[in-house]
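Novice:
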Amino acid sequence: MGEELTSVICPYCGVGCGFFIKSLNGKYVGIEYNYEHPVNKGSLCPKANDLSFLNSPDRLRKPLKKTETDFVEISWRDAIKEVASRVKEVVKTYGPDAIAFVASAKCFNEENYLLQKLARVLGTNNVDHCARLCHAPTLIGMGRVTGVGALTSTFEDIANSEVIVIWGSNPAETYPVLMGQYILRAKGRGAKIVVVDPVKTRTAWFSDVFVQIKPGTDIVVANAIMNVIISEGLYDKEFVEKRVEGFNKLVEVVRKYTPELAEGISGAPAFTIRQAAYTMASSRKGSLIWSMGVTQHIVGYRNVLALATLAALLGWYGKPGTCVGGLRGQNNVQGACDMGALAEFLPGYVRVTDDV
């Protein structure tokens, strides 16, 4: 077989770095950097630089069938026949909702589409994947505010931002390529960085303003920032007038959330909250990104609504140098959601309750 190079996407975080796996006679021997890849441009974090697990003897290469004492290898043909027979038996005996399908953010769009299609052909919406535990609040929250539950722009727009707000995320350690290739590139051009987090992370080291809050107080702090922006007339009036609904109601809601009130609840000093608000409002070219520090709460959906609304006040939608949304935790969470690998959505975010 000789030496081969195979183009792949990194199997870890949601940045989606591309590189080449180098193999010799079918065995992994290393990686080659892909300097032409549009996302990472040849750079990789330590995780992608070592994929030696590919040669592990413990990797599954064939289907296994459980016996009374152990697992035994069977052919793919026999495995498919066995699964099909069992599924038909369960559906016939108990109905289609007795079956559940678990899709994967590690799979291609086409594979996720086919799995959810199989579930629906059998007559059930019992299909889901890891987004249920991570970014379902982003999907629903951004969908309600912007119409689409996805990042609003590309990473390149983050690099061209003049203000970057990182809320409940630590990209310096969890998305190193995003941090190095885009966020720090923007900072090198003069961009200001605001970090909101309960922990002083490595990302916070790079911030111009660090708002350290108690866990679970995100909405209070977001409302206090909006209070300052609205009360001092710092919001994007043209954008709000043309693109935002319910502004007067928002004014009423955030009126009581002064920085002093937020300080008593969140622990973040009122001065720092004001400083964050002024920094955010200093430019109409800004990005607001978050991770599971925002979404993995019982109020994760409301957290997302608050942040997406804050970005709307600032006019950080639909223009170069702006990007709003959640940073996905795996390399195809967004694709799995788009393909309908969710119990409540068909492909393209058509609700299963819609008349289609």
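Residue numbers (the working numbering): 1461 to 1816.
We put the beta carbon where it would ideally sit given N, CA and C, even for glycine.
(1) Give the straight-line distance between the Cα atoms of residue 1501 and residue 1495, rounded to the nearest whole angstrom.
(2) Out of curiosity, what's the CA-to-CA distance linking residue 1659 and residue 1634?
(3) Figure out for me which residue from 1570, 1625, 1578 and 1498 has the closest Cα to the Cα of residue 1733.
(4) Return the Cβ separation of residue 1770 and residue 1682 in integer angstroms, given the expectation that the two are a contact with Cβ distance under 8 Å.
(5) Pop quiz: residue 1764 and residue 1598 are said to be a contact at Cβ under 8 Å. What is the actual Cβ separation, rounded to whole angstroms?
(6) Nearest by alpha-carbon distance to residue 1537: which of 1531, 1529 and 1524 is it?
(7) Three-state secondary structure (DSSP) at residue 1665?
(8) Alpha carbons only, please: which of 1780, 1746 and 1758 is nearest the one belonging to residue 1768?
(9) Just list the residues that DSSP pairs residue 1751 with in beta bridges.
(10) Suppose you measure from the CA of residue 1601 to the CA of residue 1484; what does that come to, to the nearest Å?
(11) Determine, using beta-carbon pairs with one atom in the segment 1785-1800 and one in the segment 1577-1592, whether at least three such pairs fall under 8 Å.
(12) With distance defined between alpha-carbon atoms, name the residue in 1581, 1542 and 1692 nearest to residue 1561.
(13) Check whether the segment 1655-1674 touches the segment 1720-1735, counting contact only when three or more Cβ pairs, one atom from each stretch, lie closer than 8 Å.
(14) Please look up how many angstroms separate the CB atoms of residue 1563 and residue 1587, rounded, as I've assumed it's under 8 Å.
(15) Answer yes if the segment 1696-1710 comes into contact with the segment 1640-1651, meaning at least three C-beta pairs across the two stretches below 8 Å, and no otherwise.
(16) Over the uninterrupted beta strand (DSSP E) stretch that includes residue 1627, give me the two end residues.
(17) If I'm right that residue 1574 touches residue 1783 with Cβ under 8 Å, what's the distance once you round it to whole angstroms?
(18) With DSSP collapsed to three states, give me the class of residue 1797.
(19) Measuring alpha carbon to alpha carbon, tell me which of 1751, 1731 and 1685 ends up nearest residue 1715.
(20) Can you give me the start and stop residues for the beta strand (DSSP E) that residue 1491 sits inside?
(21) Considering only the beta carbon of each residue, do residue 1749 and residue 1629 sit closer than 8 Å?
(22) Which same chain residues end up closer than 8 Å to residue 1779 when comparing Cβ atoms and leaving out the 5 residues on each side of it in sequence?
(23) So, for residue 1618: in the same chain, excluding its five sequence neighbours on each side, which residues have a beta-carbon less than 6 Å away from its beta-carbon?
(24) State the beta-bridge partners of residue 1588 as determined by DSSP.
(25) Which class does residue 1692 belong to by DSSP, given the choice of helix, strand or coil?
(26) Report the rounded CA-to-CA distance for residue 1548 versus residue 1805, giving the unit in angstroms.
(27) In its own chain, which residues sit with a C-beta less than 8 Å from the C-beta of residue 1679, not counting the 5 before and 5 after it?
(28) What span of residues does the beta strand (DSSP E) with residue 1657 cover, start to end?
(29) Based on Cα-Cα distance, which residue from 1565, 1579 and 1691 lies nearest to residue 1556?
(30) How would you write the range of the alpha helix (DSSP H) that residue 1721 sits in, first residue to last?
(31) With DSSP as the reference, identify every bridge partner of residue 1783, one or two as the case may be.
(32) Which residues in the same chain as residue 1711 place their Cβ atom closer than 7 Å to its Cβ, once the five residues preceding and following it in sequence are excluded?
(33) Return the CA-CA distance between residue 1669 and residue 1566, expressed in angstroms with no decimal places.
(34) With residue 1603 as the anchor, note down where its alpha helix (DSSP H) starts and where it stops.
(35) DSSP three-state label for residue 1540, please.
(36) Using 8 Å as the threshold, is the C-beta distance between residue 1662 and residue 1632 below it?
Specialist: According to the data block:
(1) 5 Å
(2) 14 Å
(3) 1625
(4) 5 Å
(5) 5 Å
(6) 1524
(7) helix
(8) 1746
(9) DSSP lists no partner for residue 1751.
(10) 47 Å
(11) yes
(12) 1581
(13) yes
(14) 6 Å
(15) no
(16) 1623-1627
(17) Wrong, their Cβ atoms sit about 31 Å apart, outside the cutoff.
(18) helix
(19) 1685
(20) 1487-1493
(21) yes
(22) 1744 and 1745
(23) 1642, 1747 and 1783
(24) 1562
(25) coil
(26) 24 Å
(27) 1759, 1762, 1763 and 1766
(28) 1652-1657
(29) 1579
(30) 1719-1726
(31) 1747
(32) 1690
(33) 35 Å
(34) 1596-1606
(35) helix
(36) yes
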